[in-house]
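S.K.: Per mature numbering (1 follows the signal peptide of the UniProt record, and there is no 0), the sequence shown runs over residues -25 to -1, 1 to 471.
Here it is, the structure in full.
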Amino acid sequence: MLHRNLKHYLILIILIQSFSVIVYGQNFIPEPRVGITSVFVDNKIYYMGGANPTKAPSEQDPESDIFYLNVNPDDKENFLSWVDLKVKLTQLNGHAANVGGINQDSIFVIGGVHLDGKDNINYLFKFDTKTLELSTPLIQGKAPPTRVSQKAVSYEGKIYLYGGRTYTPPGSALIYVDQFDILDTINLNWQVGSMVNSPGALSGYTATLFNGVIYYIGGRSGLNTFSPMTNIYQYDIVGDKWTLKKATIADIDAVPGSRGAHTAILFDDKIYVYGGSYFNADTAYEIPAKETFIMLDPVTLVWSIPPYNSTNVPKLAYHTASIKGALMILVFGLHKDLPDTADQSNNSTYYFYLSQQIIGWDSEPLGVNPTKPTTSVVTKPPDTPTETATPSPQNTLSKTVIVGVSVGSVLVVLTIFVACSLAYKRIKRNQTKALRESSYPDAQGAFNGVDLQISPDGDKHSSTYLQQYPPVYQQFAPQQPQHLVTRMSSPPIQQN
């Protein structure tokens, strides 16, 4: 009787601990990806879709997962941790996504490439971040052709989708789309925007919203035709009007090069552009864009290089970028300064501290013990005087493990004590029955027929490695959340 009671209690404890690990996402480690989208909603950065660049198409997961990075600084225990929502949608990459709905708490996923071979189907999904429900809403009006390498901008319940290109297999002619579509996420209908004075066919650009105007930067309109970084196309949402403006350069010796597959975010009324790649008829492969980190003043339209520590700065393309307060977060994509024959996959998350006088940055490997970083850490200068220092929380991986082990040990001891007490009483009352039962063989032991798969303690992205640098918790001055990203999924020469 003792072993049977003990069996039940131990199984219960193990399942509870396993469930806790799953709920808090401590064992979730994202794979490297390209063609993934990210959307900021309520102190979470949601990621969905994408393809692993190290795997062949036949090796890709037939389903895309949805997960998020917790960027709530008040949630000390889970800050900067990954959480898998266990929600699956059809495998897709190179799609567009942004927030919408009446309460602006749903994510609309539009277009992209699908491994099911149905690339011409107009896939459109709605993911409710509150209920975690994934649905396929019925949209009125003529649906636009599905495409890749377009950006989605959300403004007052509508998502603006410009350009992009139709996916074509490697080696096929590229088909660029000259079209401007608007998805009304409240009334669920398709609309069309003005094309007068628009950029024409364009893909691989960034689109950043500032004061009701969308700024379109970079990208290309043909295989080797990149848009100059001095060409800034502005779309006035209220006026439904396009304007081409010419940007100037603050330093003639630091002219930003043309690019695609870059990212852009808005912070402190400045547009920060990061990474990207470039190629032409004379290059056999993609190269990093000239000047990795640049800044545009959307009022004066002057390009400049923000003061930052450029030592070993990652030269990313096809990555995602998000902004929370003054913290810019870069993840996924490819390292374009590596040879094409090498594994270019980005396996780290990069944190840039935009409020510092000289912008510093950190990196944290995906799925690697944060106390043993494999990439160099750039020392950050002191915070600006206007910042208020927030004590670094004591949430380290070691503390998490210690607390978990301690709680588990106490539960096990208490369970054994209770089990023994119950068994002792039953044995006293039923000695005859216990002896009779003991004569039957128990070949399987205490865990007869139970196959328990216990996940190991997983990666925690808010652990010791980042906590050595308190500024990561000091980057959350009140800011209007802005989040726009660029990512692609096709073979390199076709991307953007």
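The beta carbon of each residue, even a glycine, is placed where N, CA and C say it ideally should be.
Remember, predicted model here, so these are calculated numbers, not experimental data.
Ignore the nearest five residues each way along the sequence and tell me which others in Asn53's own chain have a CB closer than 6 angstroms to its CB.
M.R.: Asn45
S.K.: Would you decide whether Val213 is buried or exposed? Buried here means 16 or more other CB atoms lie within 10 Å of its CB.
M.R.: Here Val213 is exposed: its Cβ has fewer than 16 other Cβ atoms, across all protein chains shown, within 10 Å.
S.K.: At what residue ranges does the segment 197 to 221 contain a whole run of the beta strand (DSSP E), taking only runs of 3 or more?
M.R.: 206 to 211, 216 to 221
S.K.: Report the three-state DSSP secondary structure of Glu339 (helix, strand or coil).
M.R.: strand
S.K.: Is Tyr180 closer than 9 angstroms to Ile82 when the C-beta atoms are compared?
M.R.: No, the Cβ-Cβ distance between Ile82 and Tyr180 is not below 9 angstroms.
S.K.: With burial defined as no fewer than 16 other Cβ atoms inside 10 Å of the residue's Cβ, what is the status of Ser285: buried or exposed?
M.R.: exposed
S.K.: Whole angstroms is fine: what's the gap from Asp49's alpha carbon to Pro5's?
M.R.: 23 angstroms
S.K.: Excluding the 5 residues flanking Asp59 on each side, which residues of the same chain have their C-beta closer than 7 angstroms to its C-beta?
M.R.: Gly(-1), Phe3, Asp40, Phe42
S.K.: In angstroms, rounded to a whole number, what distance separates the CA positions of Leu329 and Gly116?
M.R.: About 42 angstroms.
S.K.: Can you tell me where the beta strand (DSSP E) with Asn73 in it begins and where it stops?
M.R.: 71 to 75
S.K.: Would Thr349 be called buried (16 or more neighbouring beta carbons within 10 Å of its own) or exposed?
M.R.: In this prediction, Thr349 has a pLDDT of 33, which is less than 50 and means its spatial position is unreliable; what the coordinates show is noted afterwards. Exposed: under 16 other Cβ atoms inside 10 Å.
S.K.: Report the rounded CA-to-CA distance for Val84 versus Ala317, giving the unit in angstroms.
M.R.: 32 angstroms
S.K.: Could you give the distance in angstroms between the alpha-carbon of Asp272 and the alpha-carbon of Ile262?
M.R.: 26 angstroms
S.K.: So who's on the other strand from Lys19, going by DSSP bridges?
M.R.: Val16, Asn45
S.K.: Are the segment 26 to 33 and the segment 245 to 259 in contact at 8 angstroms, needing three or more beta carbon pairs?
M.R.: no
S.K.: Between the C-alpha atoms of Ser56 and Asn78, what's the straight-line distance to the nearest angstrom?
M.R.: 26 angstroms
S.K.: Quick check on DSSP: helix, strand or coil for Ser129?
M.R.: Three-state result, Ser129: strand.
S.K.: When DSSP labels each residue in this structure, what does Ser33 get in the three-state scheme?
M.R.: Three-state DSSP puts Ser33 in a helix.
S.K.: Of all the options Ala182, Asn18, Thr200, which has the alpha carbon lying nearest to the alpha carbon of Ala72?
M.R.: Ala182
S.K.: Which one or two residues does DSSP pair with Ile161 in a beta bridge?
M.R.: DSSP, once it has assigned bridges, lists no residue as partnering Ile161.
S.K.: Report the option in Ser129, Val123, Ile114, Asp315 whose CA atom is closest to the CA atom of Val194.
M.R.: Just to set this straight, residue 194 is Gly in the shown sequence, not Val. The option with the nearest alpha carbon to Gly194 is Val123.
S.K.: To the nearest angstrom, how far is it from the Cα of Asp153 to the Cα of Gly139?
M.R.: 8 angstroms
S.K.: Can you tell me whether Leu136 is helix, strand or coil according to DSSP?
M.R.: strand
S.K.: Would DSSP call Tyr180 helix, strand or coil?
M.R.: coil
S.K.: For Tyr208, collect the residues of the same chain with a Cβ closer than 6 angstroms to its Cβ; drop the 5 residues on either side in sequence, then sort them by chain order.
M.R.: Cβ neighbours of Tyr208 within its own chain (closer than 6 angstroms, five residues either side excluded): Pro174, Tyr191, Leu219.
S.K.: Where does Pro112 land, buried or exposed, given buried means 16+ other C-beta within 10 angstroms?
M.R.: exposed
S.K.: Return yes when the Cβ of Tyr253 is within less than 9 angstroms of the Cβ of Phe201, no when it is not.
M.R.: yes
S.K.: If we ignore side chains and look at the alpha-carbon of each, how far apart do Asn322 and Lys290 end up?
M.R.: 13 angstroms
S.K.: Ordered along the chain, which non-local residues of its own chain (more than five positions away) have a Cβ less than 6 angstroms from that of Leu99?
M.R.: Around Leu99: Ile85.
S.K.: In three-state DSSP terms, what is Asn344?
M.R.: Legend: pLDDT at Asn344 = 37, less than 50; position of this residue unreliable, value from coordinates given subsequently. Coil at Asn344, not helix or strand.
S.K.: Run through the DSSP bridge pairs and tell me what Asp318 is partnered with.
M.R.: Answer is none; Asp318 lacks a bridge partner.
S.K.: Can you tell me which of the three DSSP states Lys117 falls into?
M.R.: coil
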